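Structure, as structure tokens:
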Amino acid sequence: MTLPFRRRHNDAEASHDRARALMANGFTTPNEPADVTWLDAHLAGCADCAADLAAYSADRELLRALRNHPPEPPRDLWARTAARIEQEHARRDRGPFPLRAAGSWRVGRVPVGVVSGLLVVAVVLGVSLAPRSVPLVPSPPIATDTAVGTPVVEPTPIVVAAGNLAWIQSGPDGSFEFRRVHVDAVCPDARSGCATLGSGSTTRLALTQPPQAVVESPSGAEIVVVTSAASVGGAEILVVPVPTVPPSPTPTPSPAASPTSAPPTPTASPTETPGPSGSVEPPAGHSIVSGVVIVGDTAYSPDGQWLAFSARPADGSAGPDLYLWHVGDDLATQVSGNHRTFFAGWLGDQVLANVVLVGDVPLFGPPIPPAIDATPEPRSSNEPSATPSAPDPSASPEASAPIVEAHPVAFTLDPATRDVTVVGAED
Numbered sequence: 005m006t007l008p009f010r011r012r013h014n015d016a017e018a019s020h021d022r023a024r025a026l027m028a029n030g031f032t033t034p035n036e037p038a039d040v041t042w043l044d045a046h047l048a049g050c051a052d053c054a055a056d057l058a059a060y061s062a063d064r065e066l067l068r069a070l071r072n073h074p075p076e077p078p079r080d081l082w083a084r085t086a087a088r089i090e091q092e093h094a095r096r097d098r099g100p101f102p103l104r105a106a107g108s109w110r111v112g113r114v115p116v117g118v119v120s121g122l123l124v125v126a127v128v129l130g131v132s133l134a135p136r137s138v139p140l141v142p143s144p145p146i147a148t149d150t151a152v153g154t155p156v157v158e159p160t161p162i163v164v165a166a167g168n169l170a171w172i173q174s175g176p177d178g179s180f181e182f183r184r185v186h187v188d189a190v191c192p193d194a195r196s197g198c199a200t201l202g203s204g205s206t207t208r209l210a211l212t213q214p215p216q217a218v219v220e221s222p223s224g225a226e227i228v229v230v231t232s233a234a235s236v237g238g239a240e241i242l243v244v245p246v247p248t249v250p251p252s253p254t255p256t257p258s259p260a261a262s263p264t265s266a267p268p269t270p271t272a273s274p275t276e277t278p279g280p281s282g283s284v285e286p287p288a289g290h291s292i293v294s295g296v297v298i299v300g301d302t303a304y305s306p307d308g309q310w311l312a313f314s315a316r317p318a319d320g321s322a323g324p325d326l327y328l329w330h331v332g333d334d335l336a337t338q339v340s341g342n343h344r345t346f347f348a349g350w351l352g353d354q355v356l357a358n359v360v361l362v363g364d365v366p367l368f369g370p371p372i373p374p375a376i377d378a379t380p381e382p383r384s385s386n387e388p389s390a391t392p393s394a395p396d397p398s399a400s401p402e403a404s405a406p407i408v409e410a411h412p413v414a415f416t417l418d419p420a421t422r423d424v425t426v427v428g429a430e431d
């Protein structure tokens, strides 16, 4: 029942709600012709809905523009997050540490809010922190009798920059190939007149385990293959030379023949320089480290002379340490010995890493050139023991064990001189 002189609820608002719904739907899918005609007539006489449409369009353009400027995560975000995970693991598996000696240097304890903030950022930016390696292309699917519909892939309305493209592809016989091509232009679909992807260069890889990641050197003369750590023996890092395939010569057109001359004799097409193929023996990779599990990223220095990464033993007997490999050396060198060092990236020509100091361990402890050692110094016999020989019934339960503090510290390291500079410590 409607009272006199009172408008029924939503009599006028219904048309505005319908207009806003059609405007929002029109940004994703086309509206029906009848709905488009009604919406145009409504917008012509409703200033509020017309303003809403303009606001919707402005917001849409603003959000689409953000795709061209992705947020840049901190260089050491993954290292700090991995260090925190390693700290929690060590806290569960290890007993209490000795109390801090008087006068020893220490960093303040880390608030719980910092830990939760790091984990939230790590989840949001997990894709950005993934190792920057060459993608692995799976093998073609096996044909079956069941018909499966192929979804229609729509072109992405963004501009893709041209450049070099490299990937790993597995063959039907279980082998792996490293392929590299140069892409001059990217088209939304095959009807745009773009040429097909060229053959480029192909290098067969003599691998006994599936690759987990592949890193190409800045010079392009070699690639670093990180094998999978799923086997009992752990993973290894192989340095594989990549042959340079010269471009195929472009045949020059022969001069036009005169009307009186005989038809020209067809000449043979230029023979392409044979590149690496299935018949060529795969280049042997040189192993620089084995029996480990790679933790985090593996990256070359900007000049291509150094390779840095963090790794731990495959048997889980210790945590990760920092490794460096100089181009031309036989093996990679373990730089740290504290089992809590995480490689974060390159800061110019300096290695950026994080180390987790547990308890009152000195920052870089007794030096073991050229490594960074953070093992605790042996205590003299006159210092009290942190663990009592027998429980005291009169002692308070709160004072039964000391609190173990963890101090993540970021530092840079010169790969040539091994000079270390502390750049930040969490308090």
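Take the position in the sequence shown, starting the count at 1, then add 4; the result is the number in this note's numbering.
Glycine included, C-beta positions come from ideal geometry on N, C-alpha and C.
Just so it is clear, the structure is predicted and the values come from calculations on it, not from any experiment.
Residue i, buried or exposed, once every other Cβ within 10 Å from all chains shown has been counted against 16
i           : result
residue 411 : buried
residue 415 : buried
residue 137 : For residue 137, the pLDDT reaches just 49, beneath the cut-off of 50, and the residue's location in the model is therefore unreliable, although a value from the coordinates is still provided. So residue 137 counts as buried.
residue 64  : exposed
residue 180 : buried
residue 26  : buried
residue 324 : buried
residue 182 : buried
residue 361 : buried
residue 215 : buried
residue 31  : exposed
residue 17  : exposed
residue 289 : buried
residue 71  : exposed
residue 80  : buried
Distance between beta carbons of residue j and residue i, contact taken as under 8 Å
i           : j           : result
residue 239 : residue 172 : Not quite, the Cβ-Cβ distance comes to about 15 Å (not below 8 Å), so this is no contact.
residue 176 : residue 310 : With 8 Å as the limit, residue 176 and residue 310 do not qualify as a contact, their Cβ atoms being about 38 Å apart.
residue 185 : residue 201 : 6 Å
residue 43  : residue 23  : 6 Å
residue 244 : residue 229 : 6 Å
residue 349 : residue 301 : 7 Å
residue 293 : residue 241 : 5 Å
residue 344 : residue 87  : 7 Å
residue 296 : residue 322 : With 8 Å as the limit, residue 296 and residue 322 do not qualify as a contact, their Cβ atoms being about 10 Å apart.
Host beta strand (DSSP E) of residue i (start-end)
i           : result
residue 220 : 215 to 220
residue 326 : 325 to 330
residue 422 : Where residue 422 is concerned, there is no enclosing beta strand (DSSP E), given that its DSSP letter is neither H nor E.
residue 186 : 180 to 187
residue 301 : 290 to 304
residue 231 : 226 to 231
residue 335 : Element bounds for residue 335: n/a, residue is neither H nor E.
Start-to-end residues for the alpha helix (DSSP H) that takes in residue i
i           : result
residue 38  : 37 to 49
residue 349 : Looking at the DSSP string, residue 349 is not in any alpha helix (DSSP H); the run it does join, the beta strand (DSSP E), is 345 to 351.
residue 168 : Here residue 168 belongs to no alpha helix (DSSP H); instead the beta strand (DSSP E) covers 167 to 174.
residue 211 : That residue, residue 211, is in no alpha helix (DSSP H); it is neither H nor E in DSSP.
residue 71  : Element bounds for residue 71: n/a, residue is neither H nor E.
residue 26  : 17 to 30
With three or more C-beta pairs closer than 8 Å as the rule, is the stretch 346 to 357 touching the stretch 312 to 320? yes
Count Cβ pairs between the stretch 216 to 225 and the stretch 298 to 309 that sit closer than 8 Å; are there 3 or more? yes
If contact is defined by three or more beta carbon pairs under 8 Å, each pair taking one atom from either stretch, is the stretch 324 to 344 in contact with the stretch 60 to 76? No, the stretch 60 to 76 is not in contact with the stretch 324 to 344.
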